[in-house]
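Since the structure comes first, as structure tokens, the remarks are kept for the end.
Residue numbers (the numbering used here): 5 to 100.
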């Protein structure tokens with residue numbers, strides 16, 4: 005999939021990434037069921053990182069800017085979930 009400019013992301017890539025993020029996000033109804041599921045938590049973070057990477061202030065020809073810094077943070081957080089370095093701290097509403 006090529007676009008007209010070597011500096012542009014492929015068409016609809018941002019929209020597709022946002023849809024993936026929405027699908028993988030753990031909402032309030034599902035939080036307790038999935039909060040400790042490490043692959044699910046990692047996927048949620050990785051999808052969010054992709055959205056930031058594809059942001060308008062994150063062109064594909066350079067690695068700089070706030071969007072890319074946030075993408076790196078999310079990738080590192082997702083990787084920590086995958087490696088088992090993170091675990092659910094507990095629900096604040098239950099007094100933990």
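Ideal placement from N, C-alpha and C gives every residue a C-beta, glycine not left out.
For residue 35, is the classification buried or exposed, using 16 other Cβ atoms within 10 angstroms of its Cβ as the cut-off for buried?
With fewer than 16 other Cβ atoms within 10 Å, it is exposed.
Measuring only the C-alpha atoms, how far is residue 70 from residue 83?
Our two residues, residue 70 and residue 83, have alpha carbons roughly 20 Å apart in a direct line.
Indicate the three-state DSSP secondary structure (helix, strand or coil) for residue 13 in the structure shown.
Per DSSP, reduced to three states, the secondary structure at residue 13 is coil, with no helix or strand assignment.
How is residue 59 classed by DSSP in three states: helix, strand or coil?
Residue 59 falls in the coil class under three-state DSSP.
Quick check: what's the CA-CA separation for residue 15 versus residue 52?
Answer to the nearest angstrom: the Cα atoms are 19 Å apart.
So the candidates are 38, 40, 56, 41; which of them puts its Cα closest to the Cα of residue 24?
Among 38, 40, 56, 41, the Cα nearest to that of residue 24 belongs to 56.
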